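Participant: This is the structure I want to talk about, given as structure tokens.
In the UniProt record's numbering, the protein residues as written are 1 to 623.
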């Protein structure tokens, strides 16, 4: 089957005595539990711009631990145009003078005489045990503190104080931002120019809930590839970030939001769209204020850093993969007898390559990768290139005697190649059978629905599996309720006329069994307590209501114990669990079926289900 994975897009192949699948990569993900911190699919998280100055910690620690006084007169810079000056003398070793200069958040943010009184109060409150504000400040700096740690006798207390001082830049900037937000009034928009090349806006709309402020970031990228990666990144940020109840709501739009009406055109001209966060009073209370402000001020820089690192990671992985494989894979060819054949992979980049080899009974199976990334599948300009790679894999497999090739994940999208029908029409004499796995996937969905169910709610995208499941339910006398007129009209044309009485369009009746894919947060919030969500897609649903609803796995089954060389998990599934689409290709080969399953054609669901059970595949859920 052809499917996809984040740093490798693979497919599975069933040979003369085996089967085949093709997969592709997952998009970048977010660290669970930390909606503000992002990570790629690599083992280590992307670096976050720490609000504490490591250089300042190191200097202060050395001064305090030195056996004899050390004279210091040092200036250094931190990310974000932060400038520090630190001074200590041998004659006055207990006192250390620390000065800081920060950029203005806006033209109105800093008074001519220095920092606003609100910021000075915050500094006194936080550092009163070991620091005092010096007046006047050192020339060229906004704030000067006299530090004296002699009253802190325990090393633990000194380390804590040093850590607090290292976050001085965050305290200064966040207090200014908090003061500005407080003075924003019931409505209005303010432009912040912490970074001159990337200003952003904070806005309060007249009709907004009390305490709500929107932070809006115009995103600009110099490189077209960065823009494409960022589009996928922002969609993922919006989807995953909104799944955390405590995190500010995130939204992304390619056009300016209503809050920016009336702003200058040059401020609204972007190629990366606009990212917005809804900030409430709870996000700027107490200790959270400094963290929230620091994240907002550095969000644009962090995104660009993340995008660049993602590109470097992708490219380095590609190069490393190619270097490792090229030695073994050059001049790839099939070797062996007529009874047993082994497929060697192709050079990475221009064609599919092997990422996994399995064995079940007398069949050998391989997973091949299509060297394309998730975001590329969403680009119309990439469709021809992706289909060309899939077509090449199909023809090579056909020429080498492969029996079944199943398309996985995004490689079987209807918009891409009509679930493989594009290739069977172009090459009517193919010996290899193409399988999209929709028959078994539909069977797994139907078997997951409790037997006593009388009504189901159909929502989400109208996919091949969703339509087939709904049609079968109507044939069984189960009422299928929908609330989208267009999808309802399309499905009504697919259902036999005698069964259309079981198809109903209603916005008021919401049963407790939901089936479909891409069910968004807003839809899920309408579900009753105790609702069971049955996904029809290979991608799992986002669990917005996991506390009071049940989410079943995307269609999948446990594999037989006799299957060999299974050393990794498939995507998001547990160990030794595979998607129904992938298993369908194996069953197709085991049974020796001669038909293609692509386009509108689908295997009989009961037939393929019975065959899967016969060969040792076990359902994850029981109706």
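For each residue, glycine too, the CB sits at the ideal point set by N, CA and C.
Quick caveat, the model's predicted, so the values are computed rather than measured.
Is residue 256 buried or exposed, if buried means 16 or more other CB atoms sit within 10 Å of its CB?
Facilitator: Taking the first residue of the chain shown as 1, we reach residue 256 at position 256. Residue 256 is buried by the Cβ-count criterion.
Participant: With three or more C-beta pairs closer than 8 Å as the rule, is the segment 558–565 touching the segment 608–617?
Facilitator: yes
Participant: Please report the distance separating the alpha-carbon of residue 544 from that of residue 512.
Facilitator: Residue 544 sits at position 544 when you count from the first residue of the chain shown. Residue 512 sits at position 512 when you count from the first residue of the chain shown. Cα to Cα, residue 544 sits roughly 15 Å from residue 512.
Participant: Which first and last residues belong to the alpha helix (DSSP H) in which residue 157 is found?
Facilitator: Counting from one through the chain shown, the residue named residue 157 turns up at place 157. It spans 155–166 - the alpha helix (DSSP H) in which residue 157 sits, taken as one unbroken run.
Participant: State yes or no: is the C-beta of residue 434 within less than 8 Å of the C-beta of residue 407?
Facilitator: Counting from one through the chain shown, the residue named residue 434 turns up at place 434. Counting from one through the chain shown, the residue named residue 407 turns up at place 407. For residue 434 and residue 407, yes; Cβs fall inside 8 Å.
Participant: Measuring alpha carbon to alpha carbon, tell me which residue in 258, 432, 536 and 52 is nearest residue 592.
Facilitator: Within the chain shown, residue 592 is the residue found at index 592, counting from 1. When only C-alpha atoms are compared, the closest one is 432.
Participant: With H, G and I counted as helix, E and B as strand and the rest as coil, what does DSSP make of residue 130?
Facilitator: In the chain shown, residue 130 corresponds to position 130, counting from 1. Residue 130 falls in the coil class under three-state DSSP.
Participant: According to DSSP, is residue 603 helix, strand or coil?
Facilitator: Looking up residue 603 in the chain shown gives position 603. Three-state DSSP puts residue 603 in coil, outside helix and strand.
Participant: Using a Cβ-Cβ cut-off of 7 Å (strictly less than) and excluding sequence neighbours within five positions of residue 52, which residues of its own chain qualify?
Facilitator: Taking the chain shown and counting its residues from 1, the one referred to as residue 52 is at position 52. Excluding residues within five positions, the ones whose Cβ falls inside 7 Å are 163, 166 and 167.
Participant: Have a look at 586, 61, 262 and 534 and flag the residue whose alpha-carbon is nearest the alpha-carbon of residue 155.
Facilitator: Here residue 155 corresponds to residue number 155 of the chain shown, with the count starting at 1. Here the closest residue by C-alpha is 61.
Participant: Please go through the segment 384–448 and give each complete alpha helix (DSSP H) segment of 4 or more residues, from N-terminal end onward.
Facilitator: 414–417, 421–426 and 438–448
Participant: Answer with buried or exposed for residue 30, where buried requires no fewer than 16 other C-beta atoms within 10 angstroms of its C-beta.
Facilitator: Counting from one through the chain shown, the residue named residue 30 turns up at place 30. Residue placement at residue 30 cannot be trusted, given a pLDDT of 31 that sits under 50; what the coordinates show is reported in the next sentence. Buried, since its Cβ has 16 or more Cβ neighbours within 10 Å.
Participant: Is the distance from the Cβ of residue 217 to the Cβ of residue 300 below 8 Å?
Facilitator: By one-based count along the chain shown, residue 217 stands at place 217. By one-based count along the chain shown, residue 300 stands at place 300. Judged by beta-carbon spacing, residue 300 lies within the 8 Å limit of residue 217, meaning their Cβ atoms are closer than that value.
Participant: Quick one: what does DSSP say residue 615 is sitting in, helix, strand or coil?
Facilitator: Position 615 of the chain shown holds residue 615. It is coil, neither helix nor strand.
Participant: Are there three or more Cβ pairs, one per stretch, closer than 8 Å when the segment 181–199 is compared with the segment 63–79?
Facilitator: no
Participant: Tell whether a beta-carbon distance below 8 Å holds between residue 481 and residue 446.
Facilitator: Along the chain shown, one-based indexing puts residue 481 at 481. Along the chain shown, one-based indexing puts residue 446 at 446. Result no, Cβ atoms of residue 481 and residue 446 do not sit closer than 8 Å.
Participant: Beta strand (DSSP E) containing residue 216: first to last residue?
Facilitator: The count along the chain shown starts at 1 and reaches residue 216 at position 216. Run containing residue 216: 213–218, per the beta strand (DSSP E) assignment.
Participant: Report the three-state DSSP secondary structure of residue 58 (helix, strand or coil).
Facilitator: Counted from its first residue, the chain shown places residue 58 at position 58. Residue 58: helix per DSSP, three-state reduction.
Participant: Just the C-alpha distance for residue 266 and residue 199, rounded to the nearest angstrom, thanks.
Facilitator: Taking the chain shown and counting its residues from 1, one reaches residue 266 at position 266. Taking the chain shown and counting its residues from 1, one reaches residue 199 at position 199. Approximately 11 Å, taken between the alpha carbons.
Participant: To the nearest angstrom, report how far apart residue 91 and residue 70 are at their CA atoms.
Facilitator: Counting from one through the chain shown, the residue named residue 91 turns up at place 91. Counting from one through the chain shown, the residue named residue 70 turns up at place 70. If you take the alpha carbons of residue 91 and residue 70, they lie about 10 Å apart.
Participant: Relative to the C-alpha of residue 389, which candidate in 416, 363 and 404 has its C-alpha closest?
Facilitator: Position 389 of the chain shown, counting from 1, holds the residue named residue 389. Minimum Cα distance to residue 389 is reached at 416.
Participant: Excluding sequence positions up to five away, which residues of its chain have a Cβ less than 6 Å from the Cβ of residue 499?
Facilitator: Indexing the chain shown from 1 puts residue 499 at position 499. Excluding sequence neighbours, residue 499 sits near 474 and 475.
Participant: Using the beta-carbon count (16 or more within 10 Å), is residue 54 buried or exposed?
Facilitator: Position 54 of the chain shown, counting from 1, holds the residue named residue 54. By the 10 Å Cβ count, residue 54 comes out exposed.
Participant: Would residue 493 be called buried (16 or more neighbouring beta carbons within 10 Å of its own) or exposed?
Facilitator: Against the chain shown, residue 493 aligns to sequence position 493. By the 16-neighbour rule on beta-carbons within 10 angstroms, residue 493 is exposed.
Participant: From residue 309 to residue 503, what distance separates their C-alpha atoms?
Facilitator: Counting from one through the chain shown, the residue named residue 309 turns up at place 309. Counting from one through the chain shown, the residue named residue 503 turns up at place 503. If I take the Cα positions, the gap works out to 50 Å.
Participant: So the candidates are 464, 468, 436 and 478; which of them puts its Cα closest to the Cα of residue 451?
Facilitator: Residue numbering aside, residue 451 sits at position 451 when the chain shown is read from its first letter. Among 464, 468, 436 and 478, the Cα nearest to that of residue 451 is on 478.
Participant: What is the DSSP secondary structure of residue 116, reduced to helix, strand or coil?
Facilitator: As a working note, residue 116 is residue 116 in the chain shown. Three-state DSSP puts residue 116 in coil, outside helix and strand.
Participant: What do you reckon, are the CB atoms on residue 132 and residue 146 nearer than 8 Å?
Facilitator: On the chain shown, position 132 is the one that residue 132 refers to. On the chain shown, position 146 is the one that residue 146 refers to. Closer than 8 Å, so yes.
Participant: Going by alpha carbons, who is nearest to residue 600 out of 467, 554, 501 and 223?
Facilitator: Translated into positions along the chain shown, residue 600 becomes position 600. Answer by Cα proximity: 467.
Participant: I'd like to check one pair, residue 275 with residue 252: are the Cβ atoms closer than 8 Å?
Facilitator: Working through the chain shown from its first residue, we reach residue 252 at position 252. Working through the chain shown from its first residue, we reach residue 275 at position 275. For residue 252 and residue 275, yes; Cβs fall inside 8 Å.
Participant: Specify the secondary structure class of residue 648 as computed by DSSP and reduced to three states.
Facilitator: Here the chain comprises residues numbered 1 to 623, so residue 648 is not present and cannot be evaluated.
Participant: Which same chain residues end up closer than 6 Å to residue 93 when comparing Cβ atoms and leaving out the 5 residues on each side of it in sequence?
Facilitator: Numbered from 1 along the chain shown, position 93 holds the residue referred to as residue 93. Excluding positions up to five away in sequence, the list reads 69.
Participant: Could you spell out the range, first to last residue, of the beta strand (DSSP E) harbouring residue 577?
Facilitator: As a position in the chain shown, residue 577 is number 577, starting the count at 1. Its beta strand (DSSP E) spans residues 577–579.
Participant: Let me know the secondary structure DSSP gives residue 200 once reduced to three states.
Facilitator: Counting from one through the chain shown, the residue named residue 200 turns up at place 200. Correct three-state label for residue 200: strand.
Participant: Straight-line CA distance for residue 170 to residue 148?
Facilitator: On the chain shown, residue 170 is found 170 positions in, with the first residue counted as 1. On the chain shown, residue 148 is found 148 positions in, with the first residue counted as 1. So the alpha carbons of these two residues sit roughly 21 Å apart.
Participant: What would DSSP say about residue 179, mapped onto helix, strand or coil?
Facilitator: Position 179 of the chain shown, counting from 1, holds the residue named residue 179. Helix.
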